[in-house]
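Asks: Take the sequence shown: its letter number 424 is residue 423 in numbering that gives the first Met the number 0, and every next letter is one higher. All C-beta atoms in this analysis are idealised placements derived from N, C-alpha and C, irrespective of residue type, glycine included. Let me give you the structure first, and then I'll get to my questions.
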Amino acid sequence: MLKPLTRTAACLLAAATVLGLAACAAMNTEDAATVLRRADTAMGGATVKTLRYAGTGTGTTFGQAWQPGQAWPRITYSSYSRVLDYDNAAFREDAARSRAEVNGGGGVPLMGSGEQRTSVWLRGNLAWNMAGTTASPAQLAADGRIHDLWTSPHGAIKAAIRNQGTVAIRNAARGETGIAFTEPGRFSATVWINAGNLVERIDSRLPHPVMGDIDVMTTYSDYKDFGGVKFPTRIRQSQGGFPVLDLQVSEVQANVPAGIDVPANVVGATERVTAEPAAPGVWFMAGGSHNSVAIEMRDHLMVVESPLYDGRALPMLEQARKLAPGKEIRYVINSHHHFDHSGGLRTAASQGITLVTSEVARPYFEATLANPNRISPDAFEKSGRTAVITGVEGKRVFSDGGRNVEVYYIEGSVHSQGFMMVYLPAEKLLIEADAYTPGPPNSPAPAVANANQVNLAENIARLKLDVDRILPLHGRMTSMRELNTMIGK
Ligand SMILES: [Zn+2]
């Protein structure tokens, strides 16, 4: 009943003019295929096999808010380009970005410390990142890149045709038709086609390791003709309720050679989880971009950090159990709420493991872990469980009568609020994420000390922790001595 009523209401609005009535009648009889074909013709889509666009603008580091629930930290793009290869379902994005605000994470150099170049790729179901000529698998990013390829202006038309999109809603007064389609297991979308037969907005939803299903809104405006291909010169996007992109497009080229080939080391790549003893009953689990630490207690195991997504967290948790056969993992400690570090919390919750996070982040995770996750159900959704989350307020000690595991806030960090580190007093081990990621061994100290590293050392001093070795959650095992060298102490 809802659809006819909506249409009637829209047509009543359109009845204000004779022309509007005629348009209304035509719209109401058109099926989605007709609307999509007309848009494809208007936008010059039939001839577009590949498309490159470039420009400048602003963006944000999605999932890297300083405080849980805040907007994503702002960045500036001095250059930004994408190559879309529709025939090969391939995608490439190259950008130069710098921070536009002090606080928050995201791997962007600290404020005033210059630009960072990124190069991210997709072909078919495989995603990877390039640094120079080195490719690193980035399978976690595949869903987002597939989404971005098939919600581009021409891509959305092609995807809606391929997936037999249907008319979801018409607004005759505005001359708009919303066509809904689903890219199975990847995302669902409603493409809004305006009176000029151009894609003007896409409302979409895709699975996310922290947020369950996440809403995205993309608007395309200020279309121009680029050699017979119509393309927007302004692209705005929000994700998870906050802006992620506002791009001014200055260049568009259709049918340039894309040259997006999957590097050999990306084909068949699997998550590798290594386990190196750091002390009796303490293992440093590395092998990928994010580390975890397993700690054996008298009758259970604790794991510090369950990062990224099921694809990493499942083999990591399995590896942890092998280290202490017969002992169940009772707790996973989460260093902070940034999505890369918290993407495996749902995985842990799917196994009935209690999640330990800051009181700053606990309400946020209680909300996000209750979100639906229907498009591509993950381990947590399939488990049917409810997450058990316990908070830390400044300091908390876990003890089994033998070993003490102390959890502390890293106060005053520009990286994150509710930022936590873990200290093992008997072993003089410190576990921390993002505050200090060691560079190559024997690197010289930088001319200006890194503010996050200085802040970490200040917190260690404030709490009078006697740290010998540091187990960072990125990179190799290191030492307090090396941290001191890096900050000129
Ligand atoms: Zn972070």
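#1: If we call anything under 8 Å between Cβ atoms a contact, is Gly-401 one with Ala-448?
#2: DSSP three-state label for Glu-275, please.
#3: Output needed for Asp-212: all residues of its chain with C-beta closer than 8 Å, excluding positions within five of it in sequence on either side, in chain order.
#4: CB Gln-63 to CB Gly-103, shorter than 8 Å?
#5: Quick one, are the C-beta atoms of Gly-343 and Ser-288 less than 8 Å apart?
#6: Return the chain-ordered list of same chain residues with a C-beta closer than 7 Å to the C-beta of Glu-457, the five sequence neighbours on each side being excluded.
#7: Do Ala-432 and ligand 1 come close, with the Cβ less than 7 Å from some heavy atom?
#8: Which of the three DSSP states is assigned to Ile-168 in this structure?
#9: Please report the straight-line C-alpha distance between Arg-98 and Val-107, rounded to a whole angstrom.
#10: Could you check if Gly-131 belongs to the surroundings of ligand 1, using beta carbon to heavy atom distance under 7 Å?
#11: In angstroms with no decimal places, state the Cα-to-Cα distance between Phe-418 and Arg-297.
#12: Which two residues bound the contiguous alpha helix (DSSP H) that contains Ser-334?
#13: Short of 6 Å in beta carbon distance, which residues of its chain neighbour Lys-394, apart from the five on each side in sequence? Order them along the chain.
#14: My understanding is that Asn-87 touches Ala-257, with C-beta atoms under 8 Å, so please give their C-beta distance in whole angstroms.
#15: Threshold first: 4 residues or longer. Then list the alpha helix (DSSP H) segments lying entirely within the segment 322-376, N to C.
#16: Roughly how many whole angstroms lie between the Cα atoms of Thr-389 and Asn-333?
#17: Could you check if Met-110 is buried or exposed, using at least 16 other CB atoms within 10 Å of its CB as the buried criterion?
#18: Name the one or two DSSP bridge partners that Asp-238 has.
#19: Using the C-alpha atoms, what's the distance from Ala-293 back to Thr-353?
#20: Which same chain residues end up closer than 6 Å to Phe-241 when comparing Cβ atoms and leaving out the 5 residues on each side of it in sequence?
#21: From Val-243 to Gly-325, what distance separates their C-alpha atoms?
#22: Does the contact criterion of 3 or more C-beta pairs under 8 Å hold for the segment 459-467 versus the segment 300-316?
#23: Can you tell me whether Ser-349 sits near ligand 1, meaning its C-beta is under 7 Å from at least one heavy atom of the ligand?
#24: Nearest by alpha-carbon distance to Thr-75: which of Gly-351, Glu-182, Asp-245 and Arg-144 is it?
#25: Could you tell me which of Tyr-85, Thr-57 and Val-331 sits nearest to Lys-48, measuring between CA atoms?
#26: Identify whether Glu-91 lies in helix, strand or coil by the three-state DSSP scheme.
#27: May I ask you to report which of helix, strand or coil DSSP gives Asp-142?
#28: Return yes when the C-beta of His-340 is under 7 Å from any heavy atom of ligand 1, and no when it is not.
#29: What does the alpha-carbon distance come out to for the pair Glu-182 and Pro-262?
#30: Tell me, please, which residues DSSP counts as bridged to Ile-259.
#31: With 16 as the cutoff for other CB atoms within 10 Å, does Pro-163 come out buried or exposed?
#32: Who are the near neighbours of Pro-3 in its chain, counting only those whose CB is closer than 7 Å to its CB and skipping five residues on each side?
#33: Please report the residue range of the alpha helix (DSSP H) in which Ile-459 lies.
#34: What number of angstroms, rounded off, separates the C-alpha of Val-355 from the C-alpha of Arg-200?
#35: With H, G and I counted as helix, E and B as strand and the rest as coil, what does DSSP make of Val-34?
#36: On the premise that Ala-130 lies in contact with Gln-138, defined as a C-beta separation below 8 Å, what is that separation, rounded to the nearest angstrom?
Replies: Result, derived from the coordinates:
#1: For the purposes of this step, residue 401 is taken as the residue at position 402 of the sequence shown. For the purposes of this step, residue 448 is taken as the residue at position 449 of the sequence shown. In this structure, Ala-448 does not lie closer than 8 Å to Gly-401 by Cβ.
#2: On the sequence shown, residue 275 is found 276 positions in, with the first residue counted as 1. Note: Glu-275 maps to strand in three-state DSSP.
#3: Against the sequence shown, residue 212 aligns to sequence position 213. Result list for Asp-212: Arg-204, Leu-205, Pro-206, Asn-370, Pro-371, Asn-372, Arg-373 and Ile-374, in chain order.
#4: As a working note, residue 63 is residue 64 in the sequence shown. As a working note, residue 103 is residue 104 in the sequence shown. Yes. Within cutoff.
#5: By 1-based counting over the sequence shown, the position of residue 343 is 344. By 1-based counting over the sequence shown, the position of residue 288 is 289. In this structure, Ser-288 does not lie closer than 8 Å to Gly-343 by Cβ.
#6: Sequence index remark: in the sequence shown, residue 457 carries index 458 (1-based). Nothing listed; no residue qualifies.
#7: Looking up residue 432 in the sequence shown gives position 433. Yes.
#8: For the purposes of this step, residue 168 is identified with residue 169 of the sequence shown, where counting begins at 1. Of the three classes helix, strand and coil, the one that applies to Ile-168 here is strand, per DSSP.
#9: On the sequence shown, residue 98 is found 99 positions in, with the first residue counted as 1. On the sequence shown, residue 107 is found 108 positions in, with the first residue counted as 1. Their Cα atoms are separated by approximately 6 Å.
#10: The count along the sequence shown starts at 1 and reaches residue 131 at position 132. No, the Cβ of Gly-131 stays beyond 7 Å of every heavy atom of ligand 1.
#11: Working through the sequence shown from its first residue, we reach residue 418 at position 419. Working through the sequence shown from its first residue, we reach residue 297 at position 298. Distance between the alpha carbons of Phe-418 and Arg-297: 27 Å.
#12: Numbered from 1 along the sequence shown, position 335 holds the residue referred to as residue 334. No alpha helix (DSSP H) contains Ser-334, which DSSP labels as neither H nor E.
#13: In the sequence shown, counting from the first residue as 1, residue 394 sits at position 395. The residues are Tyr-407.
#14: The residue given as residue 87 occupies position 88 in the sequence shown. The residue given as residue 257 occupies position 258 in the sequence shown. The pair is a contact, with the Cβ atoms about 7 Å apart (cut-off 8 Å).
#15: 338-341, 344-349 and 361-367
#16: Here residue 389 is taken as the residue at index 390 of the sequence shown, counted from 1. Here residue 333 is taken as the residue at index 334 of the sequence shown, counted from 1. Cα to Cα, the separation comes out at about 11 Å.
#17: What you label residue 110 is simply residue 111 of the sequence shown in a count that begins at 1. It counts as exposed.
#18: Against the sequence shown, residue 238 aligns to sequence position 239. Note on residue identity: the sequence assigns Gln, not Asp, to residue 238. Answer by DSSP bridge pairing, in chain order: Val-215 and Phe-241.
#19: Sequence index remark: in the sequence shown, residue 353 carries index 354 (1-based). Sequence index remark: in the sequence shown, residue 293 carries index 294 (1-based). For Thr-353 and Ala-293, the distance between alpha carbons rounds to 15 Å.
#20: By one-based count along the sequence shown, residue 241 stands at place 242. Excluding positions up to five away in sequence, the list reads Ala-70 and Trp-71.
#21: Here residue 243 refers to the residue found at position 244 of the sequence shown. Here residue 325 refers to the residue found at position 326 of the sequence shown. Looking at the two C-alpha atoms, the distance is approximately 45 Å.
#22: no
#23: Here residue 349 corresponds to residue number 350 of the sequence shown, with the count starting at 1. Checking the Cβ of Ser-349 against ligand 1 gives no.
#24: As a first step, residue 75 is located in the sequence shown; it is residue number 76 there, counting from the start. When each option's Cα is compared against that of Thr-75, the closest is Asp-245.
#25: Against the sequence shown, residue 48 aligns to sequence position 49. Per the Cα distances, Tyr-85.
#26: The residue labelled residue 91 in the question sits at position 92 within the sequence shown. For the record, residue 91 in the displayed sequence is Arg; it is not Glu. Strand at Arg-91.
#27: Within the sequence shown, the letter at position 143 stands for residue 142. Of the three classes helix, strand and coil, the one that applies to Asp-142 here is helix, per DSSP.
#28: Mapped onto the sequence shown, residue 340 falls at position 341. It does: the Cβ of His-340 is within 7 Å (strictly closer) of some heavy atom of ligand 1.
#29: Locating residue 182 in the sequence shown gives position 183, counting from the first residue. Locating residue 262 in the sequence shown gives position 263, counting from the first residue. Taking the straight line joining both Cα atoms gives about 25 Å.
#30: The residue labelled residue 259 in the question sits at position 260 within the sequence shown. DSSP lists no partner for Ile-259.
#31: Counting from one through the sequence shown, the residue named residue 163 turns up at place 164. The amino acid occupying residue 163 in the given sequence is Gln; Pro does not appear at that position. Exposed is the call here.
#32: By one-based count along the sequence shown, residue 3 stands at place 4. Residue confidence is low: Pro-3 scores 39 on pLDDT, short of 50, so the model does not pin down where it sits. Its coordinate-derived value is still stated next. For Pro-3, where only same-chain residues beyond five positions count, there are no Cβ hits under 7 Å.
#33: Taking the sequence shown and counting its residues from 1, the one referred to as residue 459 is at position 460. Taken as a continuous stretch (DSSP letters only), the alpha helix (DSSP H) holding Ile-459 covers 450-461.
#34: By one-based count along the sequence shown, residue 355 stands at place 356. By one-based count along the sequence shown, residue 200 stands at place 201. Answer to the nearest angstrom: the Cα atoms are 40 Å apart.
#35: Looking up residue 34 in the sequence shown gives position 35. It is helical.
#36: In the sequence shown, residue 138 corresponds to position 139, counting from 1. In the sequence shown, residue 130 corresponds to position 131, counting from 1. Not confirmed; about 17 Å, so no contact.
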